[in-house]
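Residue numbers (the working numbering), protein chains in the order written: chain B, 1 to 477; chain U, 478 to 954. Glycine is no exception: its CB is placed at the ideal position from the N, C-alpha and C atoms. Note that the structure is a prediction, hence the values are computed from the model and not measured. Structure first, then comments.
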């Protein structure tokens, strides 16, 4: 009897999904588009953060109508849903817990024609960023959101995280380059926002609200993206900059230059040394300077000599390279782009994707360095990122001599100083990657209780039962 | 006794504001910043629509803290509040009903310094758009939102209506040029959103939600505006275009030209004739063409001859003028800018500020003209506006022979066809001016019941008692 009861308990105790629910899901999508084996599901567990997930059921709808039917079904059965795109996120926004359905948008991969009058393209959520770039390029156009993960990152995910990238200083974030969104609410209702309109001032901008909502308000199924002319005559500078203060001077000087700034990225001497050592790139660059800037510009005139001479005369840079050919430019970019990879080769790393007002970035970074140097640490500090956007990446890499425990304790101490400092500088705990589950703890340093309360009310307006990507951005009371 | 009762009734019957409330308001702001005489208040009744208002009490706080105190007071006394800026709106968003407090933001007129590193300026809500332009110009910068009302329109109003203007095709709407908003909720709580951050992906974008909310969610008290380089080498073309189809061809051809397009505005032959007759402008332009385009560009190279020759060879334009000097450019712009004034001289006019996807504008305008010509009308149809944004202005001007009643009946019939047509083209009932009270009736042609329901829930999240600018955009059930 004892054994029987125990066995009964096991068979009824919280099966993750009821057989009725799975049967209805299979009826909707067909057996081949419902994954039920753990082996097949585990690819959907998480994103690039590798925060552990435990997916046991994956639905792969093939149309917006099917997404709608799946969400309505989940609402009926009270099953939580995690939208899943390319899973290149860096905040755990796509992490699936046991009992949550992973909703893959990958079969929504229709890439529309380029509209040459309105300069837009309409694509489904599962299309990759790179596919959009390739299609637009045929018309000498581009969608100017450019990031390392573009071959895998999908449009649905890009919109849901309001992705940035290396050319934000010129073009801004994803939200500036979207003129329509089709999305499905948890109820199964389909909403089509703006429908490709450049202008629509009829009430609250729900389109902007869905961008950056990390799939917690609605599931993006399709979007119309705004395109722009491709930059074809860019030039790249790689400057040696003697201090953070001179970095500010250089940026101000660059704003006044005879060009548009496409990118203004910085790296510390330590980053350069790592890239040279681990990737054998940029080895002809002298490691004599505390900071370096990679600046890509689109000139208004052919000759930038006068501007460049002034840069050195005024002491904003002590040395520099000027890449005019595509090959030279690619080589200079490869230094900047190699930083993450070269850091990964060293050891465990903790990354902070923060932002402060651009005018404060030098002062903020100086404060971070002072704080770092104040007490003995079990990690090395690497500084690089989007200087011109006020968006540095702080990478804390475990020292080889330190134990994992000592490293983590050291990080924990450092964070207790870092986030109050960030708050003091009116910064953001997540400049680009979003909150997901990874940064929920830090949001309070960037957002007030009043704002968090508004978040919760907005969340409930869209998803009263709290079934859509629950536990991401906020925990509902 | 009869008389006594009557007199009592009068004295107690719904005084718009209790004397306690007024006393507390005066205590907060001082007598000189609380207007109680109808004569002083009437300027705050309405906006440029002249929709009748009836303001009997105006509060003029001098700081964000005072705005907060006034709103908290109004919440306590359940007094409805209408934020009031330059009142240049075109949808009745600032119209004050009896019993509503007009909250003037005009004393919040602090104009901050230009931040040359971050390229921003922080200003209070009551600062005019023109003041921002003048200040930015000292640094060869601009805030690229440019509209006819800029001398009077305030930043608070511009943000609250997500204003557009003549250079949207180049720069986009107001919402792309704001990096921080300080606002006060109806509860009196002050929220500071983004604080000048270029990037902040920590939760729902409340800043974007407040832009275009027409003062129904919170009162904007301060903003940080993003600035950009002033266009200094622009050139203007004024083309004669033989048809709407050729207008599309011309736009596509222009996108591929060796320049950036700053403005792509169109007008019909009738508009040109009116400007020539009523304002004596553009009289050297031949009235031989059904449509004209004013295009302002910022060239990548000095010589645009090749591009211009192709324009005529391919038949996209039959004639044209090319303004290179500032004087010539000003003269060409004065034609476009004179249309509204010259129409106003003719007689009563009804204006529709609609939008359709850019690729559909020619077809939409053709359909509107067909519909107009189908049955006898009591008005003349004038077409002009922001062609390159898919945002035409339809102006219906009373024929001198028609009675006002016949004109209005004729308009009413026309509208019953126009808005379903707009819906069919997936258009917007308000491209730029907002909804206010004037366009509430038409929103249903651009927004679904699901969207309107979300609006209502968002409104309640911010303003549960419905006291902030009530009756604008939506009526709460």
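| Should residue 186 of chain B be flagged as near chain U, meaning a C-beta pair shorter than 9 angstroms? | Taking the first residue of the first chain as position 1, residue 186 of chain B is located at position 186. Residue contact with chain U for residue 186 of chain B: absent (no Cβ-Cβ distance below 9 angstroms to any residue of chain U).
| task | Could you say which of U/629, U/650, U/788 and U/645 lies nearest to residue 638 of chain U if we only look at CA atoms? | result | If you number the second chain from 1, residue 638 of chain U lands on position 161. The shortest C-alpha separation from residue 638 of chain U is found at U/650.
| message | With a threshold of 9 angstroms between beta carbons, is residue 638 of chain U in contact with chain B? | response | The residue given as residue 638 of chain U occupies position 161 in the second chain. Look at residue 638 of chain U: its C-beta is under 9 angstroms from a C-beta on chain B.
| query | Can you name the start and end residues of the beta strand (DSSP E) that residue 273 of chain B belongs to? | reply | In the first chain, counting from the first residue as 1, residue 273 of chain B sits at position 273. That residue, residue 273 of chain B, is in no beta strand (DSSP E); its alpha helix (DSSP H) goes 269 to 279.
| query | In chain order, what residues of the same chain have a beta carbon less than 8 angstroms from the beta carbon of residue 404 of chain B, not counting five sequence neighbours either side? | reply | Within the first chain, numbered from 1, the residue matching residue 404 of chain B stands at position 404. Only 348 and 398 meet the Cβ criterion.
| query | Can you find at least 3 beta carbon pairs, one from the region 226 to 243 of chain B and one from the region 307 to 322 of chain B, that sit closer than 8 angstroms? | reply | Under the 8 angstroms Cβ criterion, the region 226 to 243 of chain B counts as touching the region 307 to 322 of chain B, having at least three qualifying pairs.
| task | Ignore the nearest five residues each way along the sequence and tell me which others in residue 699 of chain U's own chain have a CB closer than 6 angstroms to its CB. | result | As a first step, residue 699 of chain U is located in the second chain; it is residue number 222 there, counting from the start. Contacts found: 601 and 659.
| DSSP state of residue 772 of chain U mapped onto helix, strand, coil | In the second chain, counting from the first residue as 1, residue 772 of chain U sits at position 295. Note: residue 772 of chain U maps to strand in three-state DSSP.
| query | Just checking, does the region 71 to 87 of chain B make contact with the region 180 to 197 of chain B on the three C-beta pairs under 8 angstroms criterion? | reply | By the Cβ criterion, the region 71 to 87 of chain B is in contact with the region 180 to 197 of chain B, since at least three pairs of Cβ atoms, one from each stretch, lie closer than 8 angstroms.
| task | Measure from the C-beta of residue 118 of chain B to each C-beta in chain U and report whether the shortest distance is under 9 angstroms. | result | For the purposes of this step, residue 118 of chain B is taken as residue 118 along the first chain, with counting starting at 1. It does; some Cβ of chain U falls within 9 angstroms.
| request: Please check the pair residue 209 of chain B and residue 686 of chain U, which I expect to be a contact at CB under 8 angstroms, by giving their CB distance rounded to whole angstroms. | output: Within the first chain, residue 209 of chain B is the residue found at index 209, counting from 1. Within the second chain, residue 686 of chain U is the residue found at index 209, counting from 1. About 6 angstroms separates the two Cβ atoms, so the contact holds.
| message | Is residue 149 of chain B close to chain U? Criterion is C-beta to C-beta, closer than 9 angstroms. | response | Taking the first chain and counting its residues from 1, one reaches residue 149 of chain B at position 149. It does not: the Cβ of residue 149 of chain B has no partner Cβ on chain U nearer than 9 angstroms.
| message | With a threshold of 8 angstroms, are at least 3 pairs of Cβ atoms found where one atom belongs to the region 262 to 277 of chain B and the other to the region 601 to 615 of chain U? | response | The region 262 to 277 of chain B, when compared against the region 601 to 615 of chain U, does not touch it at the 8 angstroms Cβ threshold.
| query | Under 9 angstroms, do residue 158 of chain B and residue 169 of chain B count as touching if we go by C-beta distance? | reply | Within the first chain, numbered from 1, the residue matching residue 158 of chain B stands at position 158. Within the first chain, numbered from 1, the residue matching residue 169 of chain B stands at position 169. Taking 9 angstroms as the Cβ cut-off, residue 158 of chain B and residue 169 of chain B do not qualify as a contacting pair.
| Secondary structure of residue 902 of chain U, DSSP reduced to three states | Mapped onto the second chain, residue 902 of chain U falls at position 425. Secondary structure at residue 902 of chain U: coil, using DSSP grouped into helix, strand and coil.
| request: Could you say if the region 572 to 584 of chain U and the region 528 to 537 of chain U meet the contact criterion of at least three C-beta pairs nearer than 8 angstroms? | output: These segments touch.
| Inter-stretch contact (C-beta, 8 angstroms, three-pair minimum) for the region 703 to 712 of chain U and the region 768 to 775 of chain U | Using a C-beta cut-off of 8 angstroms, the region 703 to 712 of chain U makes contact with the region 768 to 775 of chain U, since at least three inter-stretch Cβ pairs fall below that distance.
| field | Residues of the region 540 to 556 of chain U whose Cβ lies closer than 8 angstroms to any Cβ of chain B, in chain order | value | Residues: none.
| query | Assuming residue 868 of chain U contacts residue 667 of chain U under a Cβ cut-off of 8 angstroms, what Cβ separation, rounded to an integer in Å, is found between them? | reply | Within the second chain, numbered from 1, the residue matching residue 868 of chain U stands at position 391. Within the second chain, numbered from 1, the residue matching residue 667 of chain U stands at position 190. Not confirmed; about 35 angstroms, so no contact.
| query | Any Cβ of chain U within less than 9 angstroms of the Cβ of residue 136 of chain B? | reply | Position 136 of the first chain, counted from the start, is the residue given in the question as residue 136 of chain B. Chain U places no beta carbon closer than 9 angstroms to that of residue 136 of chain B, leaving this residue out of the contacts.
| Given that residue 447 of chain B touches chain U, what residues does it touch there, using C-beta distances under 8 angstroms? | If you number the first chain from 1, residue 447 of chain B lands on position 447. Here the neighbours are 679 and 680.
| request: Compute the beta-carbon to beta-carbon distance between residue 427 of chain B and residue 446 of chain B, rounded to the nearest angstrom, for a pair I have assumed lies under 8 angstroms. | output: Along the first chain, one-based indexing puts residue 427 of chain B at 427. Along the first chain, one-based indexing puts residue 446 of chain B at 446. Contact holds; Cβ gap of about 7 angstroms.
| field | Under the three-state DSSP convention, the category residue 868 of chain U falls into | value | The sequence position of residue 868 of chain U within the second chain is 391, counting from 1. Strand at residue 868 of chain U.
| said: Could you tell me the alpha carbon to alpha carbon distance between residue 892 of chain U and residue 624 of chain U, rounded to whole angstroms? | reply: For the purposes of this step, residue 892 of chain U is taken as the residue at position 415 of the second chain. For the purposes of this step, residue 624 of chain U is taken as the residue at position 147 of the second chain. Taking C-alpha positions only, residue 892 of chain U is separated from residue 624 of chain U by approximately 27 angstroms.
| request: Below 6 angstroms CB to CB, which residues in the same chain sit around residue 281 of chain B once its five sequence neighbours on both sides are set aside? | output: What you label residue 281 of chain B is simply residue 281 of the first chain in a count that begins at 1. Correct list, in chain order: 275, 334, 335 and 338.
| query | Does any C-beta atom of chain U lie closer than 9 angstroms to the C-beta of residue 357 of chain B? | reply | By 1-based counting over the first chain, the position of residue 357 of chain B is 357. For residue 357 of chain B, the answer is yes, since a Cβ of chain U falls inside 9 angstroms of its Cβ.
| said: So, at 7 angstroms on beta carbons, what are the nonlocal neighbours of residue 501 of chain U in its own chain, with the 5 sequence-adjacent residues on each side left out? | reply: Position 24 of the second chain, counted from the start, is the residue given in the question as residue 501 of chain U. Contacts found: 550.
| task | Ignore the nearest five residues each way along the sequence and tell me which others in residue 442 of chain B's own chain have a CB closer than 7 angstroms to its CB. | result | To locate residue 442 of chain B, count along the first chain from 1; it is residue 442. Taking residue 442 of chain B as the centre and dropping the five residues before and after it, the same chain places the C-beta of 419 and 429 closer than 7 angstroms to its C-beta, in chain order.
| request: Report the rounded CA-to-CA distance for residue 483 of chain B versus residue 932 of chain U, giving the unit in angstroms. | output: Residue 483 of chain B lies beyond the range of chain B shown here (1 to 477); nothing can be said about it.
| message | Please report whether the beta-carbon of residue 746 of chain U lies at a distance below 9 angstroms from any beta-carbon of chain B. | response | Indexing the second chain from 1 puts residue 746 of chain U at position 269. Chain B contact via Cβ: absent.
| task | Note down, in chain order, all residues in the region 372 to 395 of chain B with a beta-carbon under 7 angstroms from any beta-carbon belonging to chain U. | result | Result list: 389, 390 and 391.
| request: Check whether the region 106 to 125 of chain B touches the region 719 to 736 of chain U, taking contact to mean three or more Cβ pairs, one atom from each stretch, closer than 8 angstroms. | output: Under the three-pair Cβ rule at 8 angstroms, the region 106 to 125 of chain B counts as touching the region 719 to 736 of chain U.
| Comparing alpha-carbon positions, which option in U/506, U/572, U/508 and U/865 lies nearest residue 523 of chain U? | Translated into the one-based positions of the second chain, residue 523 of chain U becomes position 46. Nearest of U/506, U/572, U/508 and U/865 to residue 523 of chain U, Cα basis: U/572.
| Unbroken stretches of the alpha helix (DSSP H), 4 residues or longer, contained in the region 290 to 346 of chain B | Runs of the alpha helix (DSSP H) lying entirely within the region 290 to 346 of chain B and spanning at least 4 residues, in chain order: 305 to 313, 326 to 337 and 339 to 344.
| task | With distances taken Cα to Cα, identify the nearest neighbour of residue 207 of chain B among B/193, B/219 and B/220. | result | Position 207 of the first chain holds residue 207 of chain B. Of all alpha-carbon atoms in B/193, B/219 and B/220, the one lying nearest the alpha-carbon of residue 207 of chain B is that of B/193.
| query | Thinking C-beta only, is residue 539 of chain U closer than 9 angstroms to residue 506 of chain U? | reply | Mapped onto the second chain, residue 506 of chain U falls at position 29. Mapped onto the second chain, residue 539 of chain U falls at position 62. In terms of Cβ geometry, residue 506 of chain U and residue 539 of chain U form a close pair [threshold 9 angstroms].
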